[in-house]
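S.K.: Shown below is the structure under consideration.
In my numbering, the protein residues as written are 206 to 355.
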């Protein structure tokens, strides 16, 4: 049986958290965060896995969990192993530099060993040199390149 404890958070919001089950704790944190005005949480893949996610792109979390996290991907829900995700409250507004996957099938060979992912529309683009900023060919957004994460 799961024991529930109520506690007051630093920002004044009060929420129930599960004391015994990690999944309940994570779910309670997400619900509490939404009630306190946070729009949700985001995740991106941190491993070279084929799990229907674009590497480097951020996806909205619909249900966090200790083993599996449910992400919204192109209007559909997908369960992804939580251990392979980086989770943040708000995705950074910078291009993500992604190493070329060994089994890439839809990336032009002339893009080299890495490419960039737009923070706004998730479009992939080649990296020409070492640019500080890039404009997206699809959404025309202009953003810094997150070389510090590469």
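Even for Gly, the Cβ is constructed at its ideal location relative to N, Cα and C.
1. For the beta strand (DSSP E) holding residue 311, just list the boundary residues, first then last.
2. Taking just the CA atoms, how far does residue 297 sit from residue 347?
3. On the DSSP letters alone, give me the boundaries of the beta strand (DSSP E) that residue 345 sits inside.
4. Check whether the Cβ atoms of residue 323 and residue 300 sit closer than 9 Å, and answer yes or no.
5. Looking at residue 355: is its Cβ nearer than 9 Å to the Cβ of residue 292?
6. Measuring CA to CA, which of 327, 266, 326, 262 is closest to residue 282?
7. Is the beta carbon of residue 330 closer than 9 Å to that of residue 341?
8. State the CB to CB distance for the pair residue 287 and residue 272, rounded to an integer number of angstroms; the pair is presumed to be in contact (CB under 8 Å).
9. Can you tell me whether residue 335 is buried or exposed? The criterion is at least 16 other CB atoms within 10 Å of its CB, across all chains shown.
10. Between which two residues does the beta strand (DSSP E) holding residue 277 run?
11. Can you check which of these residues, 248, 278, 259, is closest to residue 270 by C-alpha distance?
12. Between which two residues does the beta strand (DSSP E) holding residue 283 run?
13. Return the CA-CA distance between residue 318 and residue 333, expressed in angstroms with no decimal places.
14. Per DSSP, which residues does residue 329 bridge with? Please list them.
M.R.: Taking the definition as stated:
1. In the chain shown, the residue the question calls residue 311 occupies position 106. Run containing residue 311: none; DSSP gives neither H nor E here.
2. Sequence index remark: in the chain shown, residue 347 carries index 142 (1-based). Sequence index remark: in the chain shown, residue 297 carries index 92 (1-based). Cα to Cα, the separation comes out at about 13 Å.
3. To locate residue 345, count along the chain shown from 1; it is residue 140. It is not in any beta strand (DSSP E) - residue 345 carries neither H nor E in the DSSP assignment.
4. For the purposes of this step, residue 323 is identified with residue 118 of the chain shown, where counting begins at 1. For the purposes of this step, residue 300 is identified with residue 95 of the chain shown, where counting begins at 1. The criterion of a C-beta distance shorter than 9 Å is satisfied by residue 323 and residue 300.
5. For the purposes of this step, residue 355 is taken as the residue at position 150 of the chain shown. For the purposes of this step, residue 292 is taken as the residue at position 87 of the chain shown. The answer is no: Cβ separation not under 9 Å.
6. On the chain shown, residue 282 is found 77 positions in, with the first residue counted as 1. Looking at the Cα atoms, 266 is the closest of the given residues.
7. Numbered from its first residue, the chain shown carries residue 341 at position 136. Numbered from its first residue, the chain shown carries residue 330 at position 125. Cβ atoms of residue 341 and residue 330: closer than 9 Å.
8. In the chain shown, counting from the first residue as 1, residue 287 sits at position 82. In the chain shown, counting from the first residue as 1, residue 272 sits at position 67. That pair is a contact at about 6 Å.
9. Position 130 of the chain shown, counted from the start, is the residue given in the question as residue 335. Burial call: exposed.
10. Against the chain shown, residue 277 aligns to sequence position 72. For residue 277, the enclosing beta strand (DSSP E) begins and ends at 273 to 278.
11. Mapped onto the chain shown, residue 270 falls at position 65. Taking only the C-alpha atoms, the option nearest residue 270 is 248.
12. One-based indexing of the chain shown puts residue 283 at position 78. It spans 281 to 286 - the beta strand (DSSP E) in which residue 283 sits, taken as one unbroken run.
13. Counted from its first residue, the chain shown places residue 318 at position 113. Counted from its first residue, the chain shown places residue 333 at position 128. Across the structure, residue 318 and residue 333 are spaced so that their CA atoms are roughly 11 Å apart.
14. Position 124 of the chain shown holds residue 329. Bridge partners of residue 329 according to DSSP: 322.
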